Amino acid sequence: MIVKLTRVEVQSRQDLEMIDITEHIERAVAESGVRDGLAWAMTAHTSAGLLVTEGIECLERDVLAHLERLAPKQPPEGSYGYWHNRYLDFDGRLGFNAGDHLKSILGGVNCLFPVENGKLVRGSRQKAYFVEYDGPLARTVFIQVLGNE
Amino acid sequence: MRKPGIDFHTHPLLVREMVARHPELAGAARKTFLIGNNFQPLETFHLELDLAGLEKAVVLPMDASASSGAVVWTNEQIAELCRMSARFIGFASVDPHHADAPGRLRSAVQDLGLRGLKLNPPMQRFFADDALAYPLYETARDLGIPILFHAGMSWEPGSRLQFGHPMRLEEVAADFPGLRIVLAHLAWPWVVEAVALALKYPNVYLDTSALYFDNPRDFLRFAMTQQVPLTVFERSLRKQLVFGSNYPRVEIKNMAAAVEGLGFSEECLNLIFRSNAETLLEAAR
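So the sequences go chain by chain: B and Z. For the first sequence, the numbering used here begins at 1 and goes up steadily by one. For the second sequence, the numbering used here begins at 1001 and goes up steadily by one.
Structure representation (structure tokens):
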């Protein structure tokens, strides 16, 4: 059995952004030597996510807009505040991105695909996205491929 | 339409290329400033500026070598970073306790091309009106460079808040009318005192890089509309206020959005984000 972990750096350029990483996962599968098994990807961060959806720009915008509505960066004025808005001594700064952490939870941080005959198996419209909720930042995605030669 | 602005208060602590060249920078940022963020490629800093509609950033070192032993980037490292990107404006830092402090400053400006002086009295353990620092002020005045003083609250464990009180700057402002003095962080919590100084002394400026609770929007609204009415800044201090983020303690995009959302006129925002910084830096040419 082969188990191979790849780390990929993704540079986001916007505050909120969806970045197609399907090719990264396909490349990791091709380079792993795995014939039949699984490919699993996970973001190393808690204010970013990974998700699978149709790869078209309008839907990318809808995903980001909907998550921003569900977990806004700024708490609605006069209703409630985020507990995370305080000084974090271990981080040398205030926490004021609770909305971005919440988006990460809502959207998820990983995705999983079957591998068959050495290739990633996915629906014809499915794309794997790295989702930035607090960019721009250089981010890390873990891709692990495991299975039989 | 507003011109691309200048962030007058950033620390280049996360620039990965510099940490790779100078590994000691990693420890300095973590130990002294307690910054826990991941190191980032230089491109991320540029993107931060782009996203906030800014063109350039003042990058600051901190030399407390003679007082507390802490050095967070040397003047040479700041100059090296500035050679990597034309978007940075490098300032020097000199610990006033060094006997040759004026010479160090002169060298940083004349040999390295740095364009201002950053002093951090709470970390460098001196009162701004102590005669100890006067030779540095005379040198800065003669060189025509501004001095950015850390003022107000300090998170660093080695610092002492009493050294950051803005009223300790009054004698300096009065004794050096030709010296441009910037009080960082609105000198919070002593915003009223800092505003009083700026109202009285036209050579005293304030930067907006204040965030000590809540979030940038709510904190600045408290400090700049409740502690002091916004009209005071707009009408009386419009030419003495500069945008500063304190990146990476705060992302530039978040602080810029907070300042933009306060309710200033577009004319005043132009001054805060660009023209006042240019005025301060012009003196250094």
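Think of the CB as a built atom: it goes at the ideal place given N, C-alpha and C, for glycine as much as any other residue. Source: prediction; values computed, not measured.
I'd like the list of long-range same chain contacts for ARG1285/Z, defined as Cβ closer than 7 Å, with 5 residues on each side in sequence excluded. Reading the second sequence from its first residue, position 285 is the one you call residue 1285/Z. Reliability of the predicted coordinates at ARG1285/Z is poor, the pLDDT of 48 falling under 50, and no value is obtained from them.
Is ARG1285/Z helix, strand or coil by DSSP? Counting from 1 along the second sequence, the entry for residue 1285/Z is found at position 285. Here the model assigns ARG1285/Z a pLDDT of 48, short of 50, so the residue's position is not dependable, and the following value carries that caveat. Here ARG1285/Z sits in coil by DSSP.
Taking the beta carbon of ARG1221/Z as the centre, do at least 16 other beta carbons fall within 10 Å, making it buried, or is it exposed? Counting from 1 along the second sequence, the entry for residue 1221/Z is found at position 221. When all chains shown are included, ARG1221/Z counts as buried.
I want to see whether chain B comes within less than 7 Å of SER1075/Z, judged by CB atoms only; does it? Position 75 of the second sequence, counted from the first residue, corresponds to residue 1075/Z. The question names Ser, but residue 1075/Z is Asn in the sequence shown. Not one chain B Cβ lies under 7 Å of ASN1075/Z.
With 7 Å set as the bound, which would you pick, yes or no: does the beta-carbon of ASN1120/Z sit closer than that to a beta-carbon of chain B? If you number the second sequence from 1, residue 1120/Z lands on position 120. It does not: the Cβ of ASN1120/Z has no partner Cβ on chain B nearer than 7 Å.
Closer than 7 Å by C-beta to ALA71/B: which residues in its own chain qualify, once you throw out the five before and the five after it? Chain order, please. As a first step, residue 71/B is located in the first sequence; it is residue number 71 there, counting from the start. Here the set comprises GLY99, LEU102, LYS103, LEU106.
Contact set for LYS127/B: own chain, Cβ-Cβ below 8 Å, skip 5 residues either direction: Working through the first sequence from its first residue, we reach residue 127/B at position 127. Cβ neighbours of LYS127/B beyond the five flanking positions: ASP20, THR22, VAL52, THR53, GLU54, GLY55.
Step through the CB atoms of chain Z and report whether any lies within less than 7 Å of the CB of LEU5/B. In the first sequence, counting from the first residue as 1, residue 5/B sits at position 5. With 7 Å as the cut-off, LEU5/B does not count as an interface residue toward chain Z.
Give the single residue among GLU1024/Z, TRP1073/Z, SER1085/Z, ASP1142/Z whose Cα lies nearest to the Cα of LYS961/Z. Because chain Z in this structure spans residues 1001 to 1285, residue 961/Z falls outside the shown range and cannot be described.
Between PRO114/B and chain Z, is any beta-carbon pair separated by less than 7 Å? As a working note, residue 114/B is residue 114 in the first sequence. No, no contact with chain Z.
Considering only C-alpha positions, which residue in the set ALA1029/Z, ALA1187/Z, ARG1168/Z, TYR1247/Z is nearest to SER1154/Z? Along the second sequence, one-based indexing puts residue 1154/Z at 154. When each option's Cα is compared against that of SER1154/Z, the closest is ALA1187/Z.
Are the CB atoms of ILE25/B and GLU44/B within a distance shorter than 7 Å? What you label residue 44/B is simply residue 44 of the first sequence in a count that begins at 1. What you label residue 25/B is simply residue 25 of the first sequence in a count that begins at 1. One point to set straight first is that residue 44/B is Ala, not Glu, in the sequence displayed. No.
Quick one: complete beta strand (DSSP E) runs, 3+ long, within the region 1141-1207 of chain Z? Qualifying beta strand (DSSP E) stretches, in chain order: 1147-1149, 1181-1183, 1204-1207.
Where ALA28/B sits in the DSSP three-state scheme: Start at 1 with the first residue of the first sequence, and residue 28/B comes out as number 28. Three-state result, ALA28/B: helix.
Buried or exposed (CB count within 10 angstroms, at least 16 for buried), GLN1110/Z: Residue 1110/Z sits at position 110 when you count from the first residue of the second sequence. Exposed, since its Cβ has fewer than 16 Cβ neighbours within 10 Å.
Within the 7 Å Cβ cut-off, does PRO136/B reach chain Z? Residue 136/B sits at position 136 when you count from the first residue of the first sequence. By this cut-off, PRO136/B is an interface position.
With 7 Å set as the bound, which would you pick, yes or no: does the beta-carbon of ASN1215/Z sit closer than that to a beta-carbon of chain B? Taking the second sequence and counting its residues from 1, the one referred to as residue 1215/Z is at position 215. Taking Cβ atoms only, chain B reaches closer than 7 Å to ASN1215/Z, which makes this a yes.
Mapping the DSSP letters down to three states, classify MET1224/Z as helix, strand or coil. The residue you call residue 1224/Z lines up with position 224 of the second sequence. In the structure shown, MET1224/Z sits in a helix (DSSP, three-state: H, G or I).
On the DSSP bridge assignment, give the partners of ILE1078/Z in chain order. Against the second sequence, residue 1078/Z aligns to sequence position 78. Answer by DSSP bridge pairing: none, since ILE1078/Z is not bridged.
Sufficient close CB pairs (3 or more, under 8 Å) joining the region 1096-1106 of chain Z to the region 1127-1143 of chain Z: yes
How do the region 1116-1131 of chain Z and the region 1056-1068 of chain Z stand: do at least 3 beta-carbon pairs fall below 8 Å, yes or no? yes
Alpha-carbon spacing of ASN1075/Z relative to GLU57/B, whole angstroms: Position 75 of the second sequence, counted from the first residue, corresponds to residue 1075/Z. Position 57 of the first sequence, counted from the first residue, corresponds to residue 57/B. About 46 Å.
Could you pull the DSSP bridge partners for ALA39/B from this structure? To locate residue 39/B, count along the first sequence from 1; it is residue 39. PHE113/B, VAL145/B.
Excluding sequence positions up to five away, which residues of its chain have a Cβ less than 6 Å from the Cβ of LEU1280/Z? Translated into positions along the second sequence, residue 1280/Z becomes position 280. PRO1146, ARG1180.
Quick check on SER1107/Z: does DSSP put it in helix, strand or coil? Position 107 of the second sequence, counting from 1, holds the residue named residue 1107/Z. In this structure, SER1107/Z counts as helix in the three-state DSSP scheme.
When you compare the CB positions of PHE130/B and VAL29/B, do they come within less than 7 Å of one another, or not? Start at 1 with the first residue of the first sequence, and residue 130/B comes out as number 130. Start at 1 with the first residue of the first sequence, and residue 29/B comes out as number 29. Their beta carbons are not under 7 Å apart, which means PHE130/B does not touch VAL29/B by this criterion.
In the structure shown, what three-state DSSP assignment does TYR80/B receive? Taking the first residue of the first sequence as 1, we reach residue 80/B at position 80. Reduced to three states, the DSSP call for TYR80/B is coil.
Helix, strand or coil at GLY107/B according to DSSP, with G and I counted as helix: Position 107 of the first sequence, counting from 1, holds the residue named residue 107/B. Helix.
Using a C-beta cutoff of 7 Å, does THR1044/Z count as contacting chain B? In the second sequence, residue 1044/Z corresponds to position 44, counting from 1. Chain B contact via Cβ: present.
Quickly, what does DSSP pair SER12/B with across the bridge? List them, please. Position 12 of the first sequence, counted from the start, is the residue given in the question as residue 12/B. Per DSSP, none; premise fails for SER12/B.
Is the Cβ-Cβ distance between PRO1216/Z and LEU1014/Z less than 7 Å? Position 216 of the second sequence, counted from the start, is the residue given in the question as residue 1216/Z. Position 14 of the second sequence, counted from the start, is the residue given in the question as residue 1014/Z. Not in contact: PRO1216/Z and LEU1014/Z (Cβ atoms no closer than 7 Å).
Along the chain, where does the alpha helix (DSSP H) containing ILE21/B start, and where does it finish? If you number the first sequence from 1, residue 21/B lands on position 21. Counting along the chain, ILE21/B falls outside any alpha helix (DSSP H), and DSSP gives it neither H nor E.
Would you mind stating whether PHE142/B and MET42/B have Cβ atoms separated by less than 7 Å? Taking the first sequence and counting its residues from 1, the one referred to as residue 142/B is at position 142. Taking the first sequence and counting its residues from 1, the one referred to as residue 42/B is at position 42. Going by C-beta atoms, PHE142/B is nearer than 7 Å to MET42/B.
Find the residues of chain Z that neighbour ARG13/B, judging by a C-beta separation of less than 7 Å, and give them in chain order. By one-based count along the first sequence, residue 13/B stands at place 13. By Cβ distance, chain Z contributes LEU1047.
Just the Cα atoms here: how many angstroms apart are TRP1190/Z and ALA1198/Z? On the second sequence, residue 1190/Z is found 190 positions in, with the first residue counted as 1. On the second sequence, residue 1198/Z is found 198 positions in, with the first residue counted as 1. Taking the straight line joining both Cα atoms gives about 12 Å.
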